[in-house]
Each structure stands twice: as structure tokens, then as C-alpha cells.
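S.K.: Just so we're aligned: the sequence shown equals residues 197 to 489 in this note's numbering.
By construction, the Cβ of each residue, glycine as well, lies at the ideal position given by its N, Cα and C atoms.
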Amino acid sequence: RDFALWKAHKAGDAASAAWNTRFGAGRPGWHIECSAMATKYLGSQFDIHGGGLDLRFPHHENELAQSSAAGDAFANYWLHNGLVNVSGQKMSKSLGNSIFAADLLAAARPIVVRYYLGSAHYRSVLDYHEGVLEEAESAMSRIETFIDKAARRLGGAPVLSSIVVRASLPKAFITAMDEDLAMPAALAALHDEVRSGNSAIDSADDAAVASSLNSVLAMTTVLGINPLDWAAPSNAAAGTGKALDNLIQGLIAERNAARADKDFARSDAIRNQLQAAGITLEDSADGTHWSVN
Numbered sequence: 197r198d199f200a201l202w203k204a205h206k207a208g209d210a211a212s213a214a215w216n217t218r219f220g221a222g223r224p225g226w227h228i229e230c231s232a233m234a235t236k237y238l239g240s241q242f243d244i245h246g247g248g249l250d251l252r253f254p255h256h257e258n259e260l261a262q263s264s265a266a267g268d269a270f271a272n273y274w275l276h277n278g279l280v281n282v283s284g285q286k287m288s289k290s291l292g293n294s295i296f297a298a299d300l301l302a303a304a305r306p307i308v309v310r311y312y313l314g315s316a317h318y319r320s321v322l323d324y325h326e327g328v329l330e331e332a333e334s335a336m337s338r339i340e341t342f343i344d345k346a347a348r349r350l351g352g353a354p355v356l357s358s359i360v361v362r363a364s365l366p367k368a369f370i371t372a373m374d375e376d377l378a379m380p381a382a383l384a385a386l387h388d389e390v391r392s393g394n395s396a397i398d399s400a401d402d403a404a405v406a407s408s409l410n411s412v413l414a415m416t417t418v419l420g421i422n423p424l425d426w427a428a429p430s431n432a433a434a435g436t437g438k439a440l441d442n443l444i445q446g447l448i449a450e451r452n453a454a455r456a457d458k459d460f461a462r463s464d465a466i467r468n469q470l471q472a473a474g475i476t477l478e479d480s481a482d483g484t485h486w487s488v489n
């Protein structure tokens with residue numbers, strides 16, 4: 197049975213949901229509404245028509261059929277995104293398990309939320325369950341820690357131009373993105389480069405460190421998760437950061453003095469105190485550096 201292009205007004209239907217036409221009183225069918233809106237605002241042919249996988253049939257198939265019958269080329273490409281599950285169950289209003297963007301942003305940094313939302317292929321189901329934001333935070337922290345360590349190793353804040361971005365993208369990353377935006381494979385290429393960069397730091401291979409740093413910055417820029425792009429603190433936040441750095445540097449100086457006096461108990465106590473507060477110390481040939489764990 198074919199779908200309806202026009203639905204006649206029935207007794208009991210809301211009067212506001214009907215128009216008088218030569219076909220009689222009624223309203224457009226569900227599918228024709230979307231074809232009409234798309235054609236009005238995007239034209240008879242446009243690039244991408246998106247929607248959830250649950251709309252692929254019958255809604256989108258019917259949209260295409262009726263638009264083609266009207267002589268329109270309609271959409272060049274169709275992108276169907278997967279749905280969101282909560283602990284294995286489909287997220288729905290009826291189940292009362294809806295998760296909103298504000299909930300995610302209250303639980304994690306915006307850059308971490310973006311990483312999590314992009315961690316699954318867009319056509320796959322994205323499952324939200326306890327621990328997923330912590331996993332995304334750990335992944336982002338590994339990326340941020342490498343960028344910080346590499347910048348210190350190379351003696352300055354990294355700067356990335358659009359030209360460098362294009363030149364520094366690894367082949368594996370490009371292949372993944374060209375393969376229907378295969379985000380899991382793209383993120384795997386990103387973390388492979390982070391591991392290579394950390395190995396280069398350990399072996400003091402500055403040329404390899406610079407290469408990995410450029411690649412990591414290039415990939416995170418494409419994905420919209422470059423920490424440098426998200427690190428634009430307000431004046432108040434900048435002042436707080438400076439005060440925190442001064443406090444930690446004072447404890448580092450105290451720890452260095454304790455180590456020089458061979459007071460290793462005091463040295464370890466300072467490290468443990470900072471570790472408990474979420475601050476990790478890293479000793480290297482050029483001094484001691486700290487990062488947020």
C-alpha cells in the first residue's frame with residue numbers, strides 16, 4: 197500500500213491541523229512535509245540529507261520517491277546516524293532515561309564531551325554508561341600530557357598553521373576519515389602517534405618529537421579537540437592558574453632541597469601530597485615539571 201501524500205480531515209481532528217484545498221480539507225502527509233521544507237530552503241538539489249537510522253525506511257525512502265516523481269534530483273548523499281543507548285537500552289522519553297547535553301557538560305569538560313561523542317562511528321550506536329566520560333577524560337589527558345611534554349622538550353609553545361595541518365596528517369588518519377568518517381580508526385591513529393611521540397621523548401629524538409607533535413596537533417585540529425584551541429582562559433582563570441603554578445613551584449623547590457639533603461622521606465611526602473591533590477610531578481634532565489592528573 198502506498199503512503200499518503202495528503203490526509204483528509206476527520207471528525208475529531210484539530211481544526212488548526214487542516215487547510216481547505218481543491219482536494220478538500222486536510223493536511224500534508226508526514227513525508228511530503230519534509231520534501232517541501234527541504235526543497236523550499238535548500239533547493240531542488242542539495243548535498244547532504246541527514247537523519248537517524250530509524251528514519252531510513254519508510255520516511256527517507258518515501259521522501260526520495262515523491263521528490264524524484266516531482267522531477268527533483270533531491271539529495272546527493274544520505275547520512276544516517278546511529279542512536280544513543282543508555283546502559284544498553286535505547287534512550288527514550290517513555291523510559292525516562294534521557295541524557296541531555298547539559299548533563300554531560302556538568303559531568304565533564306566540554307573537550308572531553310566532544311571526544312566521547314566522536315568516539316563511535318556516526319552510523320553506530322553510541323552507548324552511554326557509567327565510566328564512559330572518565331575513559332574519555334583519560335584519553336584526552338594522554339593527548340594533552342604529550343603535547344605539554346613535547347612543547348617543553350622543544351623549548352616553546354607549539355604553533356600550527358593551516359599549511360602544517362595538511363602536511364602533518366598521517367596517512368592512516370586520512371584513510372580513516374576518507375572511509376565514511378571512520379572515527380574509531382582515526383582516533384587509533386591519533387593515539388598511535390601520541391605513543392610514538394612519547395617514545396621519541398624518552399629517547400631524546402627531538403626531530404621525531406617535533407614530527408609527532410605536529411601530527412598530533414594536526415589531527416586534533418581536524419577533529420576539533422586540539423587542547424590549544426580550548427585553552428583560552430579568562431583573566432580570572434589565568435590569575436588562578438598563575439597562583440597555582442607559584443604554589444606548586446614552591447613545593448617543587450622544597451622537594452628539591454629535601455632531595456639535596458638526602459631527606460627522601462620529606463621529598464616523597466611532598467610528591468604524595470601533590471599526587472593526592474591530582475598533581476603529577478615528572479623529573480627530567482631539564483628539571484621537574486608538573487601536570488594535572
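Helix, strand or coil for ALA332? Go by DSSP, reduced to three states.
M.R.: Helix.
S.K.: Run through DSSP, which three-state label would SER430 get?
M.R.: Any answer about SER430 is weak, because its pLDDT of 49 lies below 50 and its placement is not dependable; what the coordinates show is given next. DSSP places SER430 in coil when its eight states are reduced to three.
S.K.: Check whether the Cβ atoms of GLU259 and CYS230 sit closer than 8 Å, and answer yes or no.
M.R.: Contact: yes.
S.K.: Short check: CB of ASP490 to CB of TYR273, under 8 Å?
M.R.: What is shown of the chain runs 197 to 489, which leaves residue 490 out entirely.
S.K.: Is it right to say PRO366 is buried, meaning 16 or more other beta carbons lie within 10 angstroms of its own, or is it exposed?
M.R.: Burial call: buried.
S.K.: How far does the alpha helix (DSSP H) with ASN293 in it extend, from its first residue to its last?
M.R.: No alpha helix (DSSP H) contains ASN293, which DSSP labels as neither H nor E.
S.K.: Within the continuous alpha helix (DSSP H) that includes VAL321, where are the two ends?
M.R.: First-last for VAL321: undefined, no H or E at that position.
S.K.: DSSP state of GLN469, grouped into three classes?
M.R.: Reduced to three states, the DSSP call for GLN469 is helix.
S.K.: Locate the alpha helix (DSSP H) running through PRO380, then write down its first and last residues.
M.R.: Looking at the DSSP string, the run of the alpha helix (DSSP H) that includes PRO380 is 379-398.
S.K.: Counting along the chain, where does the beta strand (DSSP E) carrying SER480 start and finish?
M.R.: Looking at the DSSP string, the run of the beta strand (DSSP E) that includes SER480 is 475-480.
S.K.: Counting only C-beta atoms, is GLY352 closer than 8 Å to chain B at any point?
M.R.: Among the protein chains of the structure shown there is no chain B, as only one such chain exists.
S.K.: Between the alpha carbons of SER408 and TRP426, how many angstroms are there, rounded?
M.R.: About 20 Å.
S.K.: When the Cα atoms are used, what is the spatial distance from GLU340 to PRO423?
M.R.: So the two alpha carbons sit approximately 7 Å from each other.
S.K.: Please name the residue, chosen from HIS227, ASP209 and TRP202, that lies closest to PHE219 on a Cα-to-Cα basis.
M.R.: Of the listed residues, the one whose Cα sits closest to PHE219 is TRP202.
S.K.: Leaving out the 5 sequence neighbours to the left and right, which residues in its chain are closer than 8 Å to ARG467 when beta-carbon positions are compared?
M.R.: Hits under 8 Å: ARG451 and LEU477.
S.K.: Leaving out the 5 sequence neighbours to the left and right, which residues in its chain are closer than 7 Å to TYR312 when beta-carbon positions are compared?
M.R.: Cβ within range, chain order: VAL328, LEU329 and ALA332.
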